[in-house]
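Novice:
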Amino acid sequence: MAKNYRLGDPNFYKISKLDVIVISLILLIAVYSMIWTSIQRQKSQGKKQAVIYLENNFLDKVILDKDKNIAILDGRMQAEVKMGKIRILTSDCAQKICVGTGFIQYVGQVIVCVPNKVLIEIKSEKKPFLDAVVY
Amino acid sequence: MRKRRISKKIKIAIGLIIGILICVFSIRNYNSYWFYLEKQTCFMMDTYVTIYAIGPEKITKPAVNSALDRMQLIDKKMNPINPESELYKFNAQGTPIRDAEILDLIRIALEVSAATEGAFDITAFPLSELWGFSRFSEEEPRLPADEEIKKTLKNIGYKHLILSDGKLEKDNKDVAIDLGGIAKGYAIEQAVKVLQSQGVTSALIDAGGDIYALGSKINKPWQVGIQAPRGEELLGYLEVKDLAVMGSGDYHRFFIKDGKRYHHIFNLKTGYPADEISGITVIHPNPVLADCLATALFAMGPKEGIEFAQSMKGLETIMITASGEVLSSTGLKNALKVIPKDE
Numbered sequence: 164m165a166k167n168y169r170l171g172d173p174n175f176y177k178i179s180k181l182d183v184i185v186i187s188l189i190l191l192i193a194v195y196s197m198i199w200t201s202i203q204r205q206k207s208q209g210k211k212q213a214v215i216y217l218e219n220n221f222l223d224k225v226i227l228d229k230d231k232n233i234a235i236l237d238g239r240m241q242a243e244v245k246m247g248k249i250r251i252l253t254s255d256c257a258q259k260i261c262v263g264t265g266f267i268q269y270v271g272q273v274i275v276c277v278p279n280k281v282l283i284e285i286k287s288e289k290k291p292f293l294d295a296v297v298y
Numbered sequence: 109m110r111k112r113r114i115s116k117k118i119k120i121a122i123g124l125i126i127g128i129l130i131c132v133f134s135i136r137n138y139n140s141y142w143f144y145l146e147k148q149t150c151f152m153m154d155t156y157v158t159i160y161a162i163g164p165e166k167i168t169k170p171a172v173n174s175a176l177d178r179m180q181l182i183d184k185k186m187n188p189i190n191p192e193s194e195l196y197k198f199n200a201q202g203t204p205i206r207d208a209e210i211l212d213l214i215r216i217a218l219e220v221s222a223a224t225e226g227a228f229d230i231t232a233f234p235l236s237e238l239w240g241f242s243r244f245s246e247e248e249p250r251l252p253a254d255e256e257i258k259k260t261l262k263n264i265g266y267k268h269l270i271l272s273d274g275k276l277e278k279d280n281k282d283v284a285i286d287l288g289g290i291a292k293g294y295a296i297e298q299a300v301k302v303l304q305s306q307g308v309t310s311a312l313i314d315a316g317g318d319i320y321a322l323g324s325k326i327n328k329p330w331q332v333g334i335q336a337p338r339g340e341e342l343l344g345y346l347e348v349k350d351l352a353v354m355g356s357g358d359y360h361r362f363f364i365k366d367g368k369r370y371h372h373i374f375n376l377k378t379g380y381p382a383d384e385i386s387g388i389t390v391i392h393p394n395p396v397l398a399d400c401l402a403t404a405l406f407a408m409g410p411k412e413g414i415e416f417a418q419s420m421k422g423l424e425t426i427m428i429t430a431s432g433e434v435l436s437s438t439g440l441k442n443a444l445k446v447i448p449k450d451e
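Protein chains in written order, with this note's numbering: chain Z, 164 to 298; chain P, 109 to 451.
1. I'd like to know whether the C-beta of Gln241 of chain Z is nearer than 8 Å to at least one C-beta of chain P.
2. Going along the chain, which unbroken runs of the alpha helix (DSSP H) with 4 or more residues stay wholly within the region 391-438 of chain P?
3. In chain Z, which residues lie with their C-beta within 7 Å of the C-beta of Asp314 of chain P?
4. I'd like to know if Gln268 of chain Z contacts chain P, where contact means its C-beta is closer than 8 Å to some C-beta of that chain.
5. Between which two residues does the beta strand (DSSP E) holding Thr155 of chain P run?
6. What does DSSP give as the partner residue(s) for Asp223 of chain Z in the beta ladder?
7. Identify whether Arg178 of chain P lies in helix, strand or coil by the three-state DSSP scheme.
8. If contact means a Cβ-Cβ distance below 7 Å, which residues of the region 323-349 of chain P contact chain Z?
9. I want to know whether the region 261-280 of chain P touches the region 220-239 of chain P - three or more CB-CB distances under 8 Å.
10. Which ranges would you report for the alpha helix (DSSP H) in the region 246-333 of chain P if only whole runs of at least 4 residues count?
11. Could you run through the region 246-257 of chain Z and flag, in chain order, every residue whose CB is less than 7 Å away from some CB of chain P?
12. From the DSSP output, in three-state form, read off Tyr370 of chain P for me.
13. Between Lys243 of chain Z and the rest of its own chain, which residues show a CB-CB distance below 6 Å, the 5 nearest in sequence each way excluded?
14. List the residues of chain P that Ile260 of chain Z touches, going by C-beta distances under 7 Å, in chain order.
15. What is the rounded straight-line gap between the Cα of Ser242 of chain P and the Cα of Ile130 of chain P?
16. Measure the CB-CB distance between Thr516 of chain P and Val390 of chain P and report whether it falls below 8 Å.
17. At 7 Å on the CB atoms, spell out the chain Z contacts of Glu248 of chain P, in chain order.
18. What residues of chain P sit near Asn219 of chain Z, judged by a beta carbon separation below 8 Å?
19. Quick one: grab the DSSP three-state call for Pro234 of chain P.
Dropping the structure here:
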């Protein structure tokens, strides 16, 4: 008749081959998950992006990894991406406050063109360090 | 025998895993319920306004909606180019202002004008219009002739305004007012009241780079970056809680002519832009005062501005002079922290 092991029974703590295989598998999966999560986090941390909104609606998303120029509103505004930063180069608005803002690069920083109702915000999948920027 | 041992172990293992999963799931649910982040943005007051509120969605969502609605109502009421507004009628036809809410705000504006000897003045509107820096201007800013500036200065000065018997009048028909230098602070103050009345205890209002931090962000203060007036870097960041942090500078509305920078904050004695400071940050628990004092301290210049800040309880400032020197009031010494390089 089979012996019924209980938690306090020393035999319960004996490790069989199958136990070793199961424990090894769990450890392997755990370590692999940690490494994979870490790699994914590092990848996403490097990818800052500028999200462009028109009247609060999503218009475009620009990854700030390569230098380039972007036309907004059929060229009425021109944005420049350079060394992980973005600025408005030209705009058809009167005050040019958006042009005067210059480059932005920190998560949470924004460029706003009120006459054109355009807002550009730096975003990242990484948790932002700053909650807002006073300017 | 082995089967039974394994079966028992597996049962315990499965039980443990289920227990852990329930714990993890409960913690996630708890966090997403209590620390839900509601974020809404609107264009108003010549800029964008974003409100972030942390708390249960059923509380934060309607509260942020109401706060933004309240701000939009204030924006409409305080708009001097809206023909229906009392401000428009006051400026264009001299009709006395009788709206109690507007008069309360004008009373504060006049007190700040008196305290700062006119460095902040809501009657500067015609000068802003002349230079093309008014937020309502559809023309590009320009350098006016000396004669134009002198002529316009005759109509500027808070002493032209008479506030008595529940109405505001003026002693000169060409005097015009704009509450743009104080209305944003007032709108923020009102939004905070709306949020608090609806049970929000943690929120951040960002009105075009003018901030109010309500409570703290879960268990730590809100972290607010400070823009450097030149270049792309930030000066650093401050940790704030239940404070307004307002900025002003010569880099918002400006033009450069013959190598000289002309901007929208004026020395009202000369009618030309104040040129001793390039950027300022003002901190005060009251957003209305923080808003108008950011302009006033900028116009006063570094020496007078710092002295004024030191003399007023709760008021702190960081200034960057035209030569690039960073000055701050005593309470902010060592408060500005360095942003980590990888941010």
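Positions of the beta carbon are idealized from the N, C-alpha and C atoms, including for glycine.
Specialist: Reading off the structure:
1. To locate residue 241 of chain Z, count along the first sequence from 1; it is residue 78. No, its Cβ sits nowhere closer than 8 Å to a Cβ of chain P.
2. 395-408 and 410-419
3. Taking the second sequence and counting its residues from 1, the one referred to as residue 314 of chain P is at position 206. Simply Ala295.
4. Mapped onto the first sequence, residue 268 of chain Z falls at position 105. Interface residue, yes.
5. Taking the first residue of the second sequence as 1, we reach residue 155 of chain P at position 47. Note, Thr155 of chain P: beta strand (DSSP E), Thr155 to Ile162.
6. Counting from one through the first sequence, the residue named residue 223 of chain Z turns up at place 60. DSSP lists Z:Ile215 as partners of Asp223 of chain Z.
7. In the second sequence, counting from the first residue as 1, residue 178 of chain P sits at position 70. Looking at Arg178 of chain P - three-state DSSP - the assignment turns out to be helix.
8. Lys325, Trp330, Gln331, Val332, Gly333, Ile334, Gln335, Glu340, Leu342 and Tyr345
9. yes
10. 254-261 and 288-305
11. Lys248 and Ala257
12. Taking the first residue of the second sequence as 1, we reach residue 370 of chain P at position 262. Strand, per DSSP.
13. Numbered from its first residue, the first sequence carries residue 243 of chain Z at position 80. Sequence inspection shows Glu at residue 243 of chain Z; the Lys mentioned does not correspond to that position. Cβ neighbours of Glu243 of chain Z beyond the five flanking positions: Asn232, Arg250 and Leu252.
14. The sequence position of residue 260 of chain Z within the first sequence is 97, counting from 1. Going along chain P in sequence order, the residues near Ile260 of chain Z (Cβ under 7 Å) are His360 and Arg361.
15. By 1-based counting over the second sequence, the position of residue 242 of chain P is 134. By 1-based counting over the second sequence, the position of residue 130 of chain P is 22. Approximately 59 Å between the Cα atoms of the pair.
16. Here chain P has residues from 109 to 451 only, and residue 516 of chain P is not among them.
17. Reading the second sequence from its first residue, position 140 is the one you call residue 248 of chain P. Result: Ala257.
18. To locate residue 219 of chain Z, count along the first sequence from 1; it is residue 56. Correct list: Thr149, Cys150 and Phe151.
19. As a working mapping, residue 234 of chain P is identified with position 126 in the second sequence. In the structure shown, Pro234 of chain P sits in a helix (DSSP, three-state: H, G or I).
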